[in-house]
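Numbering (the working numbering), first residue to last: 13 to 236.
Glycine is no exception: its CB is placed at the ideal position from the N, C-alpha and C atoms.
It should be emphasised that the depicted structure is a prediction, and the values quoted were computed from it without experimental measurement.
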Amino acid sequence: MSTLLALDTATEACSVALLHDGKVTSHYEVIPRLHAQKLLPMIQQLLADAGTTLQAVDAIAFGRGPGAFTGVRIAIGVVQGLAFALERPVLPVSNLAVLAQRAFREHGVSQVAAAIDARMDEVYWGCYRETAGEMRLVGAEAVLPPEVVALPVDASGEWFGAGTGWGYAERIAVNLSESDAGMLPHAEDLLTLARFAWERGESIPADDAQPVYLRDKVATPKAR
Numbered sequence: 013m014s015t016l017l018a019l020d021t022a023t024e025a026c027s028v029a030l031l032h033d034g035k036v037t038s039h040y041e042v043i044p045r046l047h048a049q050k051l052l053p054m055i056q057q058l059l060a061d062a063g064t065t066l067q068a069v070d071a072i073a074f075g076r077g078p079g080a081f082t083g084v085r086i087a088i089g090v091v092q093g094l095a096f097a098l099e100r101p102v103l104p105v106s107n108l109a110v111l112a113q114r115a116f117r118e119h120g121v122s123q124v125a126a127a128i129d130a131r132m133d134e135v136y137w138g139c140y141r142e143t144a145g146e147m148r149l150v151g152a153e154a155v156l157p158p159e160v161v162a163l164p165v166d167a168s169g170e171w172f173g174a175g176t177g178w179g180y181a182e183r184i185a186v187n188l189s190e191s192d193a194g195m196l197p198h199a200e201d202l203l204t205l206a207r208f209a210w211e212r213g214e215s216i217p218a219d220d221a222q223p224v225y226l227r228d229k230v231a232t233p234k235a236r
């Protein structure tokens, strides 16, 4: 039975989750700007509580973005450091998909419009449908002004809005059954998606782990 570790620092939330001996445990805190200090101790505590060690981990999953530039870099740095040392593969997971998976877990919704506040008057946007317990992307993820986002062309039925991008709800011309603009990605849901990817053989070498920001030149100052 596989042991998988998942971690996420792409937003204000910092969370870790572990699948070991068929049981899932997790730790989640909303701690803006403290991710770098807290992440490794959280991982160590989670492993200790489960009575296991890093050496038992078969693969490490992480939120690969989109999200905060610094937060995504922290996750990749830690994941690569651990994975290189352990000689284990990694599983990159979209943070928009993680939001959709959390909405499915907490609200039982099967269609989710996930949106993360991208600052600069834009949102990270992705639409997801549930298939056999897994939230899957419909169309493409993008970074767009709130006024431009839309549901898939074949959209029907009820859609749930998840994520901080829904703070712009008044500017988004999408009809929802309900929304939660306070929802942040949780490593427990990242772990769920990673398990599907692991079973499909989608793990990659640690040195191939790359952030996904969706926005070009994310760290480049604007020309004056």
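Practice prompt. Would you identify the three-state DSSP class for Met147, choosing helix, strand or coil?
Written response: strand
Worksheet item: What is the C-beta distance between Ser27 and Ala162, in whole angstroms, given that I count them as a contact (C-beta under 8 Å)?
Response: Not quite, the Cβ-Cβ distance comes to about 30 Å (not below 8 Å), so this is no contact.
Worksheet item: Can you name the start and end residues of the beta strand (DSSP E) that Gly75 belongs to?
Response: 71 to 75
Worksheet item: Under 8 Å, do Val102 and Ser215 count as touching if we go by C-beta distance?
Response: yes
Worksheet item: Hey, which unbroken runs of the beta strand (DSSP E) at 3 residues or more fall wholly within the region 64 to 140?
Response: 71 to 75, 102 to 105, 123 to 129
Practice prompt. With DSSP collapsed to three states, give me the class of Gly34.
Written response: coil
Item to complete: Can you give me the Cβ contacts of Trp137 inside the same chain, cut-off strictly under 6 Å, excluding the 5 residues immediately before and after it?
Response: Ala127, Ala154, Leu156, Val161
Worksheet item: Hey, how far is the Cα of Tyr180 from the Cα of Ala193?
Response: 9 Å
Worksheet entry | Ala221 versus Ile88 - alpha carbon distance | 7 Å
Discussion item. Is the beta carbon of Glu170 closer than 8 Å to that of Gln123?
Written reply: yes
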